[in-house]
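Protein chains in written order, with the working numbering: chain F, 9 to 356; chain E, 3 to 235. The C-beta atom is built at its ideal place from N, Cα and C for all residues, glycine as well. Every value quoted in this text rests on a predicted model; they were computed, and no experiment measured them.
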Amino acid sequence: MKVTRENIIWESHQKHVPTIDEEGGKLWGCFRSCFLQSAAPYTEGIAYKILKNDLGIDLREAAGHTSCGAIGYHGDVTNIETQMVVAARNFAVAHEELGVDNLFSFCVTSFANYTEMIHLWEEEPELREYTAKTLKETTGREFWIPHVSGGRPSVVHASDVFYANRHKLAEKAKYSLKGIKAVDHIGCHYGKIFPGEAMGGVEFPQVLVGLLEAFGAEIVDYPERRHCCGMGFRQCAFPENRDYTASSTYKKLASLKEAHPDCNLILTNCPGCTVFLDAEQGTIKEVLEEEFNVSILDYAQLTGLMLGYDPFKDCGMNAKVVPVEPLLDKIGIPYDKSKTFEERRRPF
Amino acid sequence: MGKLVDELKQDIQYQHGMNACLNCGICTAVCPAAEVYEYSPREVMNICHTEDEEWLIDLLKSDKIWFCGQCYSCKPRCPRGNSTADVILALRRLSVRHGYFAESEKGRQQLFAKRVFGENMLKRGYTLTAENITPEHFPELGENWEYYFEHMKEMREWWDVPMDKENSAGSHRVIPEKDMDELRAIYKATGAIELMEAVEKGMEKKLGSKKEVEKYWENWLETADSRTYEMKS
């Protein structure tokens, strides 16, 4: 029997995420993303609607949970000790106050951050002790570690929950991606820091491809598929560094255009990629007069479109730089054509 | 071996991120930053490996350690299981603690990181807030974003993600003060406040006074480009 490299890697990078039909799969706690709620708030909005209304999940979040702080950590204003105790606090808040055992985050950097802290606690018992002690001293709370995937100490990402329930979502879909070429762009912090925690690993991640395939899309490949979008924390945050971001996006999209000029859909699961792969196409158009017109949708936005939610009011397509209408036309998703481009985007 | 090298070796992230580097250069080959900046993660690993105090100081004073985008593309590809991105974090914190960051253009941007990501966390419990994503600092988000920014509250309600709700779950909610107190206590106990203060102190020393630091900050807010501030030395 011929065993392909993909299969071997897939076998060694499986992680279990409970579906809504399994025990614990209908009750989830979640952590908000400070990046999304600042730069693309509608993506969490549509994710909430799908998880609650279409999958029937009892989704809980504590008013008192905070950002994981990892933008500050990768932006060098906190110590690793800070990240450990903040992570432990958010876990304790979810477990004590909401009674949840299964947790996911909407941000891939939060997912990587929580995963990193859990790994540290496993590998360095004295850091686990330090965290439990400092958590108790600063907040009075008890140390608790979630075991979301396969009984191991772990958390998962929101896109993992969509992936786990992809067939249920596809059954409910009003539209199909049949005949549509699409490709995934996995957030670096989803797969590259801890490939063992990514669905399918970092070489052949399946989390977004699986969703696209469930909706019928034809997956294409291109040379720079795994190149970073260029978000880069302090690189995108300060305008004077953002040529780094624009250059990375250019490199990717030029590579995609060369390989598959008719692919106009990239699916993302990271806030940074969702925002900057789209926005920098505007910069590239202005500076180089080159247009790629590739729609960058996040997993929840795409699922929302497939399920028949309003592209603008529910899925937030009105805040994208690349016009989404050509893609909607291609898929056959209706929208109000009596309104102008501006009217669809500016309701007030 | 010098004191700085000893201090670097104490950092758990350095310990985990730096095994015997074989100097193969795969990290540099896959690095997005190496492609656009005068930057080589391999060179960074090399300098660390020499444990030469003077080379290390030069590195900590340079722009080089600030070029990394923290994407960790280097990590899964390293045949020895190193993580330059983690070593970079250890180096950056060392640079901040000793004030070397203020010697380089990219290093001085730490003032913005501290006053945006850091202070946001202490004030609101978020590293980023909706008000940070201004059309002036993020012009590439385009005219639709300008429209959103002018109608932020209404637009967010229209999208069903209302902001600044108190004592409730939700997007961009106001986190209860008792929870904020816990967060601030963690930041203090774990040395984050001290690290942030080192940024202010380092900048004050480099620019000459607190007043100059404010000028540097105001100039950045206004022009979105720190290079328009004229350095005296």
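Not a single CB atom of chain F sits nearer than 7 Å to the CB of E/LYS217. Here the C-alpha atom of F/LEU336 lies approximately 36 Å from the C-alpha atom of F/GLY77. Taking 7 Å as the CB threshold, F/SER20 stays off the interface with chain E. Between F/ARG160 and the set F/VAL330, F/GLY53 and F/THR123, the nearest pair of CA atoms involves F/THR123. With its beta carbon less than 7 Å from one in chain F, E/ARG158 belongs to the interface.
Bridge pairing for F/THR276: F/HIS193 and F/ASP306 [DSSP]. Interface criterion not met: the Cβ of F/PRO231 is under 7 Å from no Cβ in chain E. Between E/ALA87 and E/GLN72, the C-beta spacing is below 7 Å.
Beta-bridge pairing by DSSP links F/HIS155 to F/SER162.
By the Cβ neighbour-count rule, F/GLY83 is buried, with 16 or more other Cβ atoms within 10 Å of its own. In terms of beta-carbon proximity, E/LYS125 stays away from the interface with chain F, with every pair separated by 7 Å or more.
Contact annotation for F/ILE201 against chain E: TYR74 and LYS77 [CB-CB distance below 7 Å, chain order]. Using a Cβ-Cβ cut-off of 7 Å, F/ASN87 counts as an interface residue toward chain E, since at least one Cβ of chain E sits closer than that to its own. Using a CB distance cut-off of 7 Å, E/THR30 does not count as an interface residue toward chain F. Membership of F/ARG352 in the alpha helix (DSSP H) is indicated by the continuous run 349-353.
Contact between the stretch 165-185 of chain F and the stretch 124-132 of chain F is absent: fewer than three C-beta pairs spanning the two stretches fall below 8 Å.
In the DSSP secondary-structure assignment, F/GLY37 is bridged to F/ARG68 and F/LEU111. With at least 16 other beta carbons inside 10 angstroms of its own, E/PHE69 counts as buried.
In this structure, the CA atom of F/GLN309 is about 35 Å from the CA atom of E/CYS80. No Cβ-Cβ contact shorter than 7 Å links F/GLY218 with F/CYS281. The three-state reading of DSSP puts E/VAL176 in strand, counting E and B together.
The Cβ of F/ASP84 sits closer than 7 Å to at least one Cβ of chain E. The beta carbon of F/GLU226 sits closer than 6 Å to the beta carbons of LYS189 from its chain, once the five residues preceding and following it are set aside; these are given in chain order.
Within chain E, the residues placing a beta-carbon under 8 Å from that of F/GLU132 are ILE14, ordered along the chain.
Rounded to the nearest whole angstrom, the CA to CA distance from E/ARG94 to E/PHE103 is 8 Å. For F/GLY290, the closest Cβ of chain E is nearer than 7 Å. A buried status is given to F/SER113, since no fewer than 16 other beta-carbon atoms sit within 10 Å of its beta-carbon. The beta carbons of F/HIS193 and F/THR276 sit closer together than 7 Å.
Taking every protein chain shown into account, the CB of F/LYS260 has 16 or more other CB atoms within 10 angstroms, so this residue is buried. Under the three-state reduction of DSSP, F/GLU134 is assigned to helix. DSSP places F/ILE54 within a helical segment (H, G or I) once states are collapsed to three. Using a Cβ-Cβ distance cut-off of 8 Å, the stretch 173-193 of chain E and the stretch 68-76 of chain F are in contact, since at least three pairs of beta carbons, one from each stretch, lie closer than that value. Of the residues E/PRO137, E/GLU45, E/GLU206 and E/ARG126, the one whose Cα lies closest to the Cα of E/GLU168 is E/ARG126. The Cβ-Cβ distance between F/VAL85 and F/THR142 does not fall below 7 Å. Against chain E, the CB of F/PHE320 has no partner CB under 7 Å away; the residue lies outside that interface. Taken through DSSP and simplified to helix, strand or coil, E/GLU168 comes out as strand.
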